[in-house]
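One line per chain: the protein sequences are A and B, in this order. Numbering of the first sequence is given in the numbering used here, commencing with residue 36 and proceeding in unit increments. Numbering of the second sequence is given in the numbering used here, commencing with residue 121 and proceeding in unit increments. Glycine included, each C-beta is placed from N, C-alpha and C at the ideal position. Everything on this sheet refers to the single structure shown next.
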Amino acid sequence: MSVQAGPARRARNSARVVDAVMTLAIRGSAVFLVGMLAFIVIRLILAGLPELNLHFITSPPKALDPGGGIGPQLFNSVYVLVLSLLITAPIGLAAGVYLAELAPDNRFTQALSVATETLATLPSIVVGLFGLLVFVELTHWSFTRLGGALALTVINLPYAVRVTEDALRALPDSLREGSLGVGATRWQTIRKVLLPAALPSLITGLILISGRAFGEAAALLYTAGQAALRAHLTLDPFAPGETLAVHLFSYRQDASVPDVNQIADGTAAVLLIVVLAFNVGARFLGRVAVRRVTGK
Amino acid sequence: MFLVVVLLSVYVFVGIGSLNIFKHVSPWHFLLVDQWTPYASTNPDFGAAGIILGSLAVVGMAILIATPFSLGAALFLEETNKQLGERVLRPVLEVFVGIPSVVYGWLGLTALVPVIRGISHEGSGQSLLAATLVLSIMIVPTVTTLSADAIRNVPTALAEASYALGATRWQTIWRTILPAARAGITTGIVLGIARALGEALAVAMVIGNIPGLPTHLFGPAATMTTVISADLASRALNPVLNDALYTLGMLLLLLSLALILIIRYLSRGFQAK
Chain A
36 MSVQAGPARR
46 ARNSARVVDA
56 VMTLAIRGSA
66 VFLVGMLAFI
76 VIRLILAGLP
86 ELNLHFITSP
96 PKALDPGGGI
106 GPQLFNSVYV
116 LVLSLLITAP
126 IGLAAGVYLA
136 ELAPDNRFTQ
146 ALSVATETLA
156 TLPSIVVGLF
166 GLLVFVELTH
176 WSFTRLGGAL
186 ALTVINLPYA
196 VRVTEDALRA
206 LPDSLREGSL
216 GVGATRWQTI
226 RKVLLPAALP
236 SLITGLILIS
246 GRAFGEAAAL
256 LYTAGQAALR
266 AHLTLDPFAP
276 GETLAVHLFS
286 YRQDASVPDV
296 NQIADGTAAV
306 LLIVVLAFNV
316 GARFLGRVAV
326 RRVTGK
Chain B
121 MFLVVVLLSV
131 YVFVGIGSLN
141 IFKHVSPWHF
151 LLVDQWTPYA
161 STNPDFGAAG
171 IILGSLAVVG
181 MAILIATPFS
191 LGAALFLEET
201 NKQLGERVLR
211 PVLEVFVGIP
221 SVVYGWLGLT
231 ALVPVIRGIS
241 HEGSGQSLLA
251 ATLVLSIMIV
261 PTVTTLSADA
271 IRNVPTALAE
281 ASYALGATRW
291 QTIWRTILPA
301 ARAGITTGIV
311 LGIARALGEA
321 LAVAMVIGNI
331 PGLPTHLFGP
341 AATMTTVISA
351 DLASRALNPV
361 LNDALYTLGM
371 LLLLLSLALI
381 LIIRYLSRGF
391 QAK
């Protein structure tokens with residue numbers, strides 16, 4: 036072995052060099068992505084920081100003067116989100132339970148899962164087109180928060196179904212067998228054993244869905260509307276309701292206030308902070324849930 | 121059941137809305153001619169080829185940029201630095217997914233567009249290039265997560281056999297792991313394409329939205345989604361333009377349906393093996 040053929044050694048050496056270079060490239064892309072996120076977060080927060088105060092997040096926007104806020108928009112975002120979740124959660128839960136626990140494996144359920152998958156990749160602007168036709172014009176509601184919530188539901192529903200289905204499928208069969216073994220009906224098993232056991236992952240999923248929906252704008256532009264100055268603090272679902280994300284998109288084009296860029300910076304920072312809070316919240320809850328289940 | 125009804129009604133309503141334009145222009149004219157003058161007072165024209173090509177150009181370039189980074193990140197997660205990957209890179213990817221697209225758009229407009237303007241010395245900086253870069257970042261998490269899943273599902277015996285033959289890690293990755301994970305990685309790329317194709321507002325904020333053949337990286341362009349989001353506001357004033365927008369929407373639906381079918385075909389081929 037001491038005398039190695041030249042070409043073989045060269046081949047092995049060059050393989051080592053390639054290996055080292057590619058390992059560096061792999062680590063480099065990871066470092067690049069982490070750095071990119073750090074840049075994005077720091078840049079957005081720093082730009083928005085001067086705007087972030089109680090006045091900004093509570094007062095209404097202005098038509099011409101500087102110093103307007105985003106109060107109604109923030110309220111609308113929460114309102115539309117909650118309204119949409121009230122519709123999404125029961126339907127998504129029911130469909131998910133059906134697919135995971137009750138449905139026989141036949142052509143119909145296969146078609147159902149294809150439909151869910153297709154629904155999940157609908158471009159949100161197309162959901163907006165659909166919402167404009169159905170929730171705005173067909174119903175003669177004009178732009179309403181309810182219309183926006185329904186459009187959001189179209190987007191969220193497939194995720195809610197997927198979350199429920201996955202959460203239930205992840206539970207060990209021994210739970211089902213134990214419950215059925217002591218004489219519980221299938222419905223009792225689902226309600227008293229499976230759903231409580233799946234609750235942590237369901238809540239985590241719900242938070243992640245909320246985070247996504249909070250930032251959605253394309254589907255809301257032409258359903259909940261984009262009239263910044265007509266956004267008021269009412270509980271009326273049939274009032275127009277420009278949300279925060281829509282505000283960031285459309286206010287810059289329509290408004291003639293001098294501090295429009297600062298307002299956009301502040302809006303972007305608020306959106307980012309809320310979404311990060313959702314993300315951290317889901318992660319924290321997930322960890323608590325794991326600890327409770329494993330007893331560690 | 122409700123899900124299927126919702127899905128079908130999206131197709132039916134947008135589909136019906138999409139047919140009206142063909143009273144004014146032929147389907148071939150709409151698809152193949154680049155002449156988009158919806159606001160012309162005499163003979164407005166609706167040849168959407170430039171807009172469709174705009175979408176394809178942005179999406180194509182974005183996936184070309186995003187894929188190498190995503191594969192690198194996926195290999196980092198599953199092969200080279202598993203622990204660090206799980207602790208740092210995976211949460212980072214989840215945050216990337218969570219950032220709203222309008223925030224990406226705003227960031228692109230304030231951080232990226234001025235840089236491009238500085239390099240090109242022309243126009244506003246809102247350009248095909250800016251849209252491509254913003255989209256690339258947005259689809260990296262999708263491609264990475266799915267590729268990482270595919271790589272993890274490659275049986276470890278394959279990699280061990282390769283190492284036992286004296287292969288380096290990169291040789292093992294390149295000749296054994298990546299080929300074995302091919303179907304899953306392709307699925308990730310196709311889903312990335314679907315996501316990029318449907319993204320509207322982030323692109324709309326940085327591309328300049330001027331319909332026409334996308335010939336110049338530093339120049340503005342338009343995509344199907346940006347034209348829809350910008351011009352839908354004038355639907356009451358210009359009903360024919362509105363019909364044309366629904367046709368673009370239907371085209372988007374059909375394209376993403378085609379991508380879904382590709383994914384299903386891929387996953388079936390994968391299971392059969």
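Handout entry: Nearest to Ala233 of chain A (by Cα), restricted to the options A:Thr199, A:Val309 and A:Asn314
Key = Residue 233 of chain A sits at position 198 when you count from the first residue of the first sequence. Ranking the options by Cα distance to Ala233 of chain A, first place goes to A:Thr199.
Problem - Contact residues within the segment 130–148 of chain B, judged by C-beta distance below 7 Å to chain A - result: Val130, Phe133, Val134 and Gly137
Problem - Range of the contiguous beta strand (DSSP E) that encloses Ala124 of chain A - result: Counting from 1 along the first sequence, the entry for residue 124 of chain A is found at position 89. It is not in any beta strand (DSSP E) - Ala124 of chain A instead sits in the alpha helix (DSSP H) that spans Gly106 to Val132.
Practice task
Would you be able to state if there are at least three C-beta pairs under 8 Å between the segment 318–327 of chain B and the segment 161–170 of chain B?
Solution key: no
Practice task
Flag Pro220 of chain B as yes if its beta-carbon sits less than 7 Å from any beta-carbon of chain A, otherwise no.
Solution key: Numbered from its first residue, the second sequence carries residue 220 of chain B at position 100. For Pro220 of chain B, the answer is yes, since a Cβ of chain A falls inside 7 Å of its Cβ.
Practice task
Show which residues of chain B have a CB atom less than 9 Å away from the CB atom of Phe67 of chain A.
Solution key: Position 32 of the first sequence holds residue 67 of chain A. Residues of chain B passing the Cβ test: Phe189, Gly192 and Ala193.
Handout entry: Same chain only: Cβ atoms within 6 Å of Ala317 of chain A, ignoring 5 sequence neighbours per side
Key = Your numbering for residue 317 of chain A matches position 282 in the first sequence. Closer than 6 Å at the Cβ level, and outside the excluded window around Ala317 of chain A, lie Thr239, Ile242 and Leu243.
Problem - Close Cβ partners of Ala177 of chain B (< 6 Å) along its chain, the five nearest in sequence each way excluded - result: To locate residue 177 of chain B, count along the second sequence from 1; it is residue 57. If we look at Ala177 of chain B and ignore the five residues flanking it on each side, its Cβ neighbours are Pro334.
Exercise for the section: Please compile the residues from chain B whose C-beta is within a distance smaller than 7 Å of the C-beta of Arg51 of chain A. Expected result: Within the first sequence, the letter at position 16 stands for residue 51 of chain A. Within chain B, the residues near Arg51 of chain A are Thr288.
Practice task
Kindly say whether Val178 of chain B, judged by its beta-carbon, lies nearer than 7 Å to any beta-carbon of chain A.
Solution key: For the purposes of this step, residue 178 of chain B is taken as residue 58 along the second sequence, with counting starting at 1. Val178 of chain B does not count as touching chain A.
Problem - Inter-residue Cα distance where the pair is Ser285 of chain A and Ile382 of chain B - result: Translated into positions along the first sequence, residue 285 of chain A becomes position 250. Translated into positions along the second sequence, residue 382 of chain B becomes position 262. Rounded to the nearest angstrom, the two C-alpha atoms are 36 Å apart.
Handout entry: alpha helix (DSSP H) runs contained entirely in the segment 206–230 of chain B, provided each spans 4 or more residues
Key = 210–218 and 221–227
Handout entry: CA nearest to the CA of Ala274 of chain A, picked from A:Ala184, A:Val309, A:Glu136 and A:Ala43
Key = Reading the first sequence from its first residue, position 239 is the one you call residue 274 of chain A. When each option's Cα is compared against that of Ala274 of chain A, the closest is A:Ala184.
Problem - Members of the segment 144–160 of chain A that neighbour chain B once the beta carbon cut-off is set at 8 Å - result: Within the segment 144–160 of chain A, those residues whose Cβ lies closer than 8 Å to any Cβ of chain B are, in chain order, Ala146, Leu147, Val149, Ala150, Thr151, Glu152, Thr153, Leu154, Thr156, Leu157, Pro158, Ser159 and Ile160.
Practice task
Please confirm whether any heavy atom of the ligand MG lies closer than 6 Å to the CB of Gly321 of chain A.
Solution key: Among the components modelled here there is no ligand, and therefore nothing to report on the ligand MG.
Practice task
Please list, in chain order, all residues of the same chain as Tyr366 of chain B whose beta carbon is under 7 Å from its beta carbon, the five residues on each side excluded.
Solution key: Within the second sequence, residue 366 of chain B is the residue found at index 246, counting from 1. Excluding sequence neighbours, Tyr366 of chain B sits near Val134, Gly137 and Ser138.
Practice task
Drop a sphere of 10 angstroms on the beta-carbon of Pro207 of chain A, count the other beta-carbons inside from all chains shown, and report buried for 16 or more, exposed for fewer.
Solution key: The count along the first sequence starts at 1 and reaches residue 207 of chain A at position 172. Pro207 of chain A is exposed by the Cβ-count criterion.
Problem - Where Trp222 of chain A falls: helix, strand or coil (DSSP) - result: For the purposes of this step, residue 222 of chain A is identified with residue 187 of the first sequence, where counting begins at 1. Looking at Trp222 of chain A - three-state DSSP - the assignment turns out to be helix.
Exercise for the section: For the alpha helix (DSSP H) containing Ala409 of chain B, list its first residue and its last residue. Expected result: Residue 409 of chain B cannot be examined here, being either before or after the span of chain B that is shown, 121 to 393.
Practice task
May I have the straight-line CA-CA distance separating Lys331 of chain A from His90 of chain A, to the nearest angstrom?
Solution key: Position 296 of the first sequence, counted from the first residue, corresponds to residue 331 of chain A. Position 55 of the first sequence, counted from the first residue, corresponds to residue 90 of chain A. Note on Lys331 of chain A: pLDDT 48, under 50, position unreliable in the model; the coordinate value appears next. Rounded to the nearest angstrom, the two C-alpha atoms are 44 Å apart.
Practice task
Within the same chain, show all residues whose beta-carbon is closer than 7 Å to that of Glu251 of chain A, passing over the 5 residues directly before and after it, in chain order.
Solution key: Against the first sequence, residue 251 of chain A aligns to sequence position 216. Ser159, Leu187, Ile190 and Ala280, listed in sequence order.
Exercise for the section: Note down, in chain order, all residues in the segment 310–324 of chain B with a beta-carbon under 9 Å from any beta-carbon belonging to chain A. Expected result: Leu311, Ala314, Arg315, Leu317, Gly318, Glu319, Ala320, Leu321 and Ala324
Problem - At least three beta-carbon pairs within less than 8 Å, the segment 260–280 of chain B to the segment 186–193 of chain B - result: yes
Handout entry: Proximity below 7 Å, CB of Asn111 of chain A to CB of Gly276 of chain A
Key = Counted from its first residue, the first sequence places residue 111 of chain A at position 76. Counted from its first residue, the first sequence places residue 276 of chain A at position 241. Yes, these two residues count as a Cβ contact at 7 Å.
Practice task
With Asp208 of chain A as the anchor, note down where its alpha helix (DSSP H) starts and where it stops.
Solution key: Position 173 of the first sequence, counting from 1, holds the residue named residue 208 of chain A. Run containing Asp208 of chain A: Asp208 to Gly216, per the alpha helix (DSSP H) assignment.
Handout entry: Where Lys393 of chain B falls: helix, strand or coil (DSSP)
Key = Here residue 393 of chain B refers to the residue found at position 273 of the second sequence. Since pLDDT at Lys393 of chain B reaches only 45, below the 50 mark, its modelled position is unreliable, and no value is offered.
Problem - Minimum Cβ-Cβ distance from Leu118 of chain A to chain B less than 7 Å - result: To locate residue 118 of chain A, count along the first sequence from 1; it is residue 83. No, no contact with chain B.
Practice task
Could you spell out where the beta strand (DSSP E) holding Ile165 of chain B opens and where it closes?
Solution key: As a working note, residue 165 of chain B is residue 45 in the second sequence. It is worth fixing the name first, because residue 165 of chain B is Asp in this sequence and not Ile. Asp165 of chain B: member of the beta strand (DSSP E) spanning Asp165 to Ala168, first to last residue.
Exercise for the section: Please confirm if the segment 280–297 of chain B is in contact with the segment 362–376 of chain B, defined as three or more CB-CB distances below 8 Å between the two stretches. Expected result: no
Exercise for the section: Figure out for me which residue from A:Pro293, A:Ile225 and A:Ala65 has the closest Cα to the Cα of Leu210 of chain A. Expected result: Locating residue 210 of chain A in the first sequence gives position 175, counting from the first residue. The shortest Cα separation from Leu210 of chain A among A:Pro293, A:Ile225 and A:Ala65 belongs to A:Ile225.
Practice task
Please name the residue in B:Ile380, B:Ser354, B:Gly228 and B:Ala378 whose C-alpha comes closest to that of Arg78 of chain A.
Solution key: Mapped onto the first sequence, residue 78 of chain A falls at position 43. Among B:Ile380, B:Ser354, B:Gly228 and B:Ala378, the Cα nearest to that of Arg78 of chain A is on B:Gly228.
Exercise for the section: Check whether the Cβ of Ile225 of chain A lies closer than 7 Å to any Cβ atom in chain B. Expected result: The residue labelled residue 225 of chain A in the question sits at position 190 within the first sequence. No, no contact with chain B.
Exercise for the section: Alpha carbon to alpha carbon, how far is Ala364 of chain B from Phe319 of chain A? Give it in angstroms, no decimals. Expected result: Against the first sequence, residue 319 of chain A aligns to sequence position 284. Against the second sequence, residue 364 of chain B aligns to sequence position 244. Cα to Cα, Phe319 of chain A sits roughly 47 Å from Ala364 of chain B.
Handout entry: Cα-Cα separation, Leu195 of chain B to Arg45 of chain A
Key = If you number the second sequence from 1, residue 195 of chain B lands on position 75. If you number the first sequence from 1, residue 45 of chain A lands on position 10. So the alpha carbons of these two residues sit roughly 27 Å apart.
Handout entry: Within chain A, the residues that Trp226 of chain B reaches when beta carbons sit closer than 7 Å
Key = Here residue 226 of chain B refers to the residue found at position 106 of the second sequence. Under the 7 Å cutoff, chain A gives Leu283, Ala299 and Ala303.
Exercise for the section: At 8 Å on the CB atoms, spell out the chain B contacts of Phe311 of chain A, in chain order. Expected result: Your numbering for residue 311 of chain A matches position 276 in the first sequence. In the sequence under discussion, the amino acid at residue 311 of chain A is Leu, which differs from the Phe named in the question. By Cβ distance, chain B contributes Val215 and Gly218.
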